[in-house]
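Numbering (the UniProt record's numbering), first residue to last: 1 to 589.
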């Protein structure tokens, strides 16, 4: 703003050959104002390309030190106005390629009541593209129904020559929302161990790189997986039911399925010899197999049957084994053989289950932290030769040491067990697994934003200075910390000059550092952070971007400085009160 100048005018008239000067006009004040500088336009999030359905925030920022803007206007493609408002941000919801274009913004200032427009910002391009096409999901063994305990392999195939960077699989149980399934290394295959209760619809998607950004594809067509229990085992009986049979006698094996099962076929097996015969269901139920007693037929026998479930022929469990013994009579007399060589049998207690300990023992771990899974073997007869760790039933690796260090990532979340291997008299033994221990993880809280009042980040000595730390969302338990030149400032009221203020409401997402009378000692680099209580653990966020604050010494007389300082202090206290009241009203709404 230039200095105001006062202008007046007068005129001369010619009377009787003399020039006579009139009185001067009323004074007019004329002020000169330099045109405002062009703003800068930024995008958040700043992607090289956007997808339909995403949102992007355009922020129009006047240069530092510019007069306070009274109005902002956002335009597209060289002048097509899309928004005019008092706020410096415009939220754009992307619906399709028609939102692609070049965006600019301007702002207005109002010096002395006149509206003056700034030059336009540099254009910012927004490119919109369609998401990658949906992949194809397939099963290696497609069936209408699966038995509990069967292993299934899902394969996710991206169409065309896509630069795929990762895959994800999802499961949607009946009448529930979809949940993401853990997938090792984000590969295109996922192995599932079928279990009753795991019925649901499975889908997948992939991420491909385009224009420097990883874009998610649409979801594949769903595949529904139904799981059923294996049919109950049949009963196997002998007829006639003798404890031993003589060479040449006939023995009948009869296999009977439980009542109500629609049996399609039976099979008879001799343990350690495999299948010996198929049995055809009889009209009266069951199936039978006749055998002639021979010396080579002694052994244990079992049977099973097949039935239809949802159009698939599934096998039952095996029946209880039945022993068939055969003897040979010599001249009508049962003659015993010679005794075999003696065999020594030693019995030792089974290896005891170990215990698994996570070090440090925390209720929740943060991505990037190091946690050690230690397998503690109880003292006793056995010396561990190797230790093994299971995550969700999947073996990680076997190693001599009892400690397994983990650099926590999302895929490390799960239920862990451990065990050990040992040897006794040349025999390799494995212990039972330990009790399960759950490892839960989370990402660190997002970085807060630090703002300064006055926005110029420069304040005169004696005037108030307000520094606000804003977290991205509300939380019921959060602790803020402020730092100056890297050192933490004490929390709470630290005297009459510096204090921190947080609104007294149920959820807190900001804190204000109040310096009521700034002094040159307050010049420095300020930053802030906060801690979030998650599952009983206080987890720190990254620190905010650092802001440099300068306190200038006054050159005015001391009484004037004191008066200005008092007025500014009162204004700062009033501003803090208004902030707290506004936050309380928002929380109540």
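We treat Cβ as the ideally placed atom computed from N, Cα and C, and that holds for glycine. Keep in mind it's a predicted model, so treat the numbers as computed, not measured.
With contacts defined as CB atoms closer than 7 Å, residue 513 and residue 482 qualify as a contacting pair. One thing to note: residue 375 has its Cβ no nearer than 7 Å to the Cβ of residue 400. With a threshold of 16 other beta carbon atoms within 10 Å, residue 388 meets it and is buried. Classified as exposed, residue 342 has fewer than 16 neighbouring CB atoms from the shown chains inside 10 Å of its CB. Residue 166 is not a Cβ neighbour of residue 48, given a cutoff of 7 Å. Ranking 552, 523, 450 and 155 by CA distance to the CA of residue 140 puts 155 first. Three or more beta-carbon pairs separated by less than 8 Å are not found between the region 114 to 125 and the region 292 to 299, which leaves the two stretches without contact.
Here residue 296 carries a helix assignment [DSSP, helix/strand/coil]. Under DSSP, the beta-bridge partners assigned to residue 266 are 279 and 305.
Per DSSP, residue 508 is one residue of the beta strand (DSSP E) stretching across 508 to 515.
Within the region 343 to 430, the complete beta strand (DSSP E) segments at least 3 residues long are 355 to 359, 370 to 376, 386 to 391, 394 to 399, 403 to 407, 414 to 424 and 427 to 430, listed from N- to C-terminus. Between the region 212 to 223 and the region 296 to 312, the count of C-beta pairs closer than 8 Å stays below three; the two stretches do not touch. Excluding sequence positions up to five before and after residue 382, its CB lies within less than 6 Å of the CB of 351 and 422, all in the same chain and listed in chain order. Residue 285 and residue 408 have their C-alpha atoms roughly 58 Å apart. Judged by DSSP secondary structure, residue 115 falls outside any beta strand (DSSP E); it is assigned neither H nor E.
Around the CB of residue 69, 16 or more other CB atoms lie within 10 Å, so the residue is classed as buried. 317 is the residue among 426, 317, 480 and 363 whose C-alpha sits nearest the C-alpha of residue 232. Counting of Cβ neighbours within 10 angstroms places residue 18 among the exposed residues, the total staying below 16.
In its chain, beyond the 5 residues on either side, 524 and 525 have a beta carbon closer than 6 Å to the beta carbon of residue 485. In the DSSP assignment, residue 477 is bridged to no other residue. With contact defined as three or more Cβ pairs closer than 8 Å, the region 101 to 108 and the region 70 to 83 are in contact.
With a beta-carbon spacing of about 3 Å, residue 279 and residue 266 fall inside the 8 Å limit used to define contacts. For residue 85, DSSP records a beta bridge to 72.
Considered as a whole, the region 434 to 463 harbours 437 to 439, 449 to 453 and 458 to 460 as its complete beta strand (DSSP E) runs of no fewer than 3 residues, in chain order.
Looking at the backbone, the Cα of residue 119 and that of residue 112 are separated by about 20 Å. Shortest Cα-Cα distance from residue 94 to any of 55, 442, 276 and 372 involves 55.
For residue 19, the enclosing beta strand (DSSP E) covers residues 18 to 21. Bounds of the beta strand (DSSP E) holding residue 534 are 524 to 534.
For residue 490 and residue 511, the gap between their C-alpha atoms comes out near 13 Å. In the DSSP assignment, residue 11 is bridged to no other residue. The alpha carbon of residue 472 has as its nearest neighbour, out of 459, 440 and 508, the alpha carbon of 508. A distance below 8 Å between beta-carbons, with the five flanking residues on each side excluded, links residue 544 to the following residues of its chain, in chain order: 447, 448, 449, 450, 469, 527, 528 and 529. Cα atoms of residue 425 and residue 403: separation of roughly 27 Å, rounded to the nearest angstrom. With respect to the C-alpha of residue 319, the residue from 413, 348 and 237 having the closest C-alpha is 237.
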